[in-house]
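Notes for the one structure printed next.
Protein chains: 2
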Amino acid sequence: MNFKEKNNIYVNMIEERLQNIIPEVNEYCLDIKKAMSYSLLAGGKRLRPLLALAVAEMLDKPFDEVINFGCAIEMIHTYSLIHDDLPAMDNDDYRRGKPTNHKVFGEAMAILAGDGLLNMAYEIMINDAVESKSIDKMRAAGIVAKYAGSLGMVGGQVIDLQSEGKTIESDRLKTMHRLKTGALIKAPVEAAAVICGADKKEFELLSGYAANLGLAFQIKDDILDIEGTVENMGKNPGNDSSCNKSTYVTMYGLEESKKLLETVTQEGISCLEAFGNNAQFLKELALSLVVRDR
Amino acid sequence: MNFKEKNNIYVNMIEERLQNIIPEVNEYCLDIKKAMSYSLLAGGKRLRPLLALAVAEMLDKPFDEVINFGCAIEMIHTYSLIHDDLPAMDNDDYRRGKPTNHKVFGEAMAILAGDGLLNMAYEIMINDAVESKSIDKMRAAGIVAKYAGSLGMVGGQVIDLQSEGKTIESDRLKTMHRLKTGALIKAPVEAAAVICGADKKEFELLSGYAANLGLAFQIKDDILDIEGTVENMGKNPGNDSSCNKSTYVTMYGLEESKKLLETVTQEGISCLEAFGNNAQFLKELALSLVVRDR
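If you read the sequences in order, they're chains A and B. Using the numbering used here, read the first sequence as starting at 30 and increasing by one per residue. Using the numbering used here, read the second sequence as starting at 30 and increasing by one per residue.
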């Protein structure tokens, strides 16, 4: 099976789980389920749960051990997009080719849909840990919480917020992306590694892979912000640069950013050498992100 | 020691823990810690952590077992107030006698401060469970998640949102309050009961106490919305009634609501009979909520 076929099978497994993950709600607040589902089921690359499945496969553990955690992290990712798109934040009208959550359901409901997804993500991870009486799964949930909160993604969003319209120094840009994008890419890799019983060495290698992948992902995002098309992206490219946001491209230029993307991707892949052929999917996943057009 | 003295000691313990609970953040996003602390440390009755401590005391377990969970639930309560006060939601300018979070830090930061507090609440509970390798604490975190999310408080906020300006039926009003207010009052009681090893009978009695307490709390809130003063409340009373929100008072009238408050409080207290004198504090806590002026 080639990479694309395997990728499609994994994504289908994830989509199926996501379809059934939001429980019924009280009859008086059916709209919250609609609003949560609207954004959660809007497609996307499903990179975060894909990473969790790929780590499990590499470490020869069943997908069932990690798929709930992968989906929970996808819910955290989705809540952050809903809140990020709000008028008070980035004020975006389109996301993944569809009107943003607040455009459809109104601002108040969008805030609550985000809150609902975040709570549910934790509920899913916690219940999974309780049902399997697994301290490792509890530890994995703690890793996700660390990367999602004010020391992780939320902190990165704050740096982003406070950097708008300013020229920022390289260290601040890197910190912003490490927290805003990198943290939630490390989360599924490290959580899956812990759940699948990776030893200290394996954990560190996987963590290094994920750190480089997150950085590469952001550099590619910044390149797409210049080179992407609205058809492929499902949103208006050029939003960051036109908002005077600092990006890798505004800081290093387009050509230098493309070189950096190659270097960082290769560094990520080199972390996987110790895993031999078992790491094939994770390696190809990293390469696929370099050539993505959305 | 009388009730008031004991209450003060408990509240001081809680305030001290809350003072130290938000960790340092990255140097580039110090404002997120400021915004989170601003609302978390704005005082208040601290009812939810108080309940956790009181249950531990009654079941003869150390406060240290439950105080993190109590504080985590206070953080969830605080995040919900920050988001509730936003212009897109209730658009409130004052809370606990101080300008609301978005009035001080702006809307975007207030959204993120709420998100940060919610994430941190889970991080605290999960880390506590991991450190003590306690499946019971993990179960307790699952209870909190259930009551905080779209099947609990968030669901109640949605019913509230969709009921504005409408006359709603009694069953919808009760469901709204059971979810919006009641759920997060049940959470510390049930979580502490599980952590402290309550048996099935004890758990059900405590859960019954908390359900009645939550209902009484909301009825009293609706009475204060009519009878309270801005000095005591730290916010404008009359906000709900002037927004044409249905309340117990608009539905049953002031006198009938006061009778209902008495009845429900006594029903709550009667759930505690089996615990004898050990339940003294929880009983007096219920009575103190009837006569509160804020």
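Backbone N, C-alpha and C fix where the C-beta goes; we use that ideal spot for every residue, glycine too.
Assign residue i to buried or exposed, taking buried as 16 or more other Cβ atoms, counted over all protein chains shown, within 10 Å of its Cβ.
i: Ser68 (chain A); result: buried
i: Ser199 (chain B); result: exposed
i: Pro52 (chain A); result: exposed
i: Ala325 (chain B); result: Summary: the structure shown does not reach residue 325 (chain B), with chain B confined to residues 30 through 323, and so no result is reported for it.
i: Asn97 (chain A); result: buried
i: Glu34 (chain A); result: exposed
i: Asn55 (chain B); result: buried
i: Leu47 (chain B); result: buried
i: Leu283 (chain B); result: exposed
i: Thr196 (chain A); result: exposed
i: Glu336 (chain B); result: Since the first residue shown for chain B is 30 and the last is 323, residue 336 (chain B) is missing from the structure and cannot be characterised.
i: Met30 (chain B); result: exposed
i: Gly181 (chain B); result: buried
i: Glu152 (chain A); result: buried
i: Asn148 (chain A); result: buried
i: Asn41 (chain A); result: exposed
i: Gly305 (chain B); result: exposed
Can you tell me where the alpha helix (DSSP H) with residue i in it begins and where it stops?
i: Lys35 (chain B); result: Phe32 to Gln48
i: Pro52 (chain B); result: Run containing Pro52 (chain B): none; DSSP gives neither H nor E here.
i: Lys62 (chain B); result: Leu59 to Leu69
i: Gly305 (chain B); result: No alpha helix (DSSP H) contains Gly305 (chain B), which DSSP labels as neither H nor E.
i: Gly237 (chain A); result: Lys229 to Glu256
When the Cα of residue i is compared with those of the options, which residue comes out closest?
i: Tyr108 (chain A); options: A:Thr276, A:Ile140, A:Met87 and A:Lys132; result: A:Ile140
i: Asn49 (chain B); options: B:Tyr57, B:Lys63, B:Glu56 and B:Ile38; result: B:Lys63
i: Leu213 (chain B); options: B:Asn273, B:Gly243, B:Ala227 and B:Ile188; result: B:Gly243
i: Pro217 (chain A); options: A:Asn261, A:Ile111 and A:Met154; result: A:Met154
i: Ala21 (chain B); options: B:Arg323, B:Arg321 and B:Leu311; result: Coverage of chain B is limited to positions 30 through 323, which leaves residue 21 (chain B) absent and any answer about it impossible.
i: Arg321 (chain B); options: B:Gln247, B:Glu284, B:Val278 and B:Gln309; result: B:Gln247
i: Ala158 (chain A); options: B:Ala170, B:Asn148, B:Gly211 and B:Leu147; result: B:Ala170
i: Leu208 (chain A); options: A:Leu147, A:Ser192, A:Ala177 and A:Ala220; result: A:Ala177
i: Glu231 (chain B); options: B:Arg124, B:Gly181, B:Cys300 and B:Val278; result: B:Cys300
i: Ile61 (chain A); options: A:Leu253, A:Ala83, A:Ala142 and A:Asn37; result: A:Ala142
i: Ser192 (chain A); options: B:Lys175, B:Cys58 and B:Leu146; result: B:Cys58
i: Asn307 (chain A); options: A:Asp89, A:Gly72 and A:Ser66; result: A:Asp89
i: Val187 (chain A); options: B:Ser161, B:Asp144 and B:Ile164; result: B:Asp144
i: Asn37 (chain A); options: A:Ser66, A:Met65 and A:Gly73; result: A:Gly73
i: Ala227 (chain A); options: A:Met87, A:Asp121 and A:Gly126; result: A:Met87
i: Ile172 (chain A); options: B:Val183, B:Asn156, B:Gly184 and B:Phe92; result: B:Asn156
Which same chain residues, not among the five before or five after residue i, have their C-beta less than 6 Å away from its C-beta?
i: Ile43 (chain A); result: Arg75 and Pro78
i: Tyr39 (chain A); result: Leu79 and Leu82
i: Met167 (chain B); result: Ala158
i: His206 (chain B); result: Gln247
i: Asp165 (chain A); result: Val223 and Ile224
i: Phe32 (chain A); result: Glu313
Give me, in chain order, the residues of the same chain whose beta-carbon lies closer than 7 Å to that of residue i; leave out the 5 immediate sequence neighbours on both sides.
i: Met280 (chain A); result: Ser199 and Leu202
i: Ala240 (chain B); result: Gly211 and Lys215
i: His106 (chain A); result: Arg77 and Leu213
i: Ala303 (chain A); result: Leu234
i: Ala83 (chain A); result: Phe310, Leu311 and Leu314
i: Gly194 (chain B); result: Asn273
i: Lys175 (chain A); result: Gly181
i: Lys287 (chain B); result: Ile252
Spatial neighbours of residue i within its chain, please: C-beta separation below 8 Å, excluding the five flanking residues on both sides.
i: Ala245 (chain A); result: Leu290, Val293, Thr294, Gly297, Ala315, Leu318 and Val319
i: Ala81 (chain B); result: Val95, Ile96, Phe98, Gly99, Ile102, Pro217, Val218, Ala220 and Ala221
Is there a C-beta anywhere in chain C that falls below 8 Å from the one on residue i?
i: Ile298 (chain B); result: Among the protein chains in the structure shown, which are A and B, there is no chain C.
Subject >> beta strand (DSSP E) runs wholly inside the region 273 to 303 of chain B, at least 3 long, in chain order >> reply: Annotation note: the region 273 to 303 of chain B contains no uninterrupted beta strand (DSSP E) run of length 3 or greater.
Original post:
Could you give the uninterrupted runs of the alpha helix (DSSP H) lying entirely in the region 116 to 149 of chain A, keeping only those of 4 residues or more?
Top reply: For the region 116 to 149 of chain A, whole alpha helix (DSSP H) runs of length 4 or above, ordered along the chain, are 130 to 134.
Original post:
Which runs of the alpha helix (DSSP H) fall wholly inside the region 146 to 185 of chain B and span at least 4 residues, in chain order?
Top reply: Listed in chain order, the complete alpha helix (DSSP H) runs (minimum 4 residues) inside the region 146 to 185 of chain B are 164 to 177.
**OP:** Identify every run of the beta strand (DSSP E) within the region 68 to 109 of chain B, keeping only runs that are complete inside it and at least 3 residues long; order them along the chain.
**Re:** Entirely contained in the region 68 to 109 of chain B, not one beta strand (DSSP E) run reaches 3 residues.
**OP:** Ignoring anything shorter than 4 residues or poking outside the region 182 to 211 of chain B, list the alpha helix (DSSP H) runs there in chain order.
**Re:** Counting only runs of 4 or more, we get 182 to 192 and 199 to 206.
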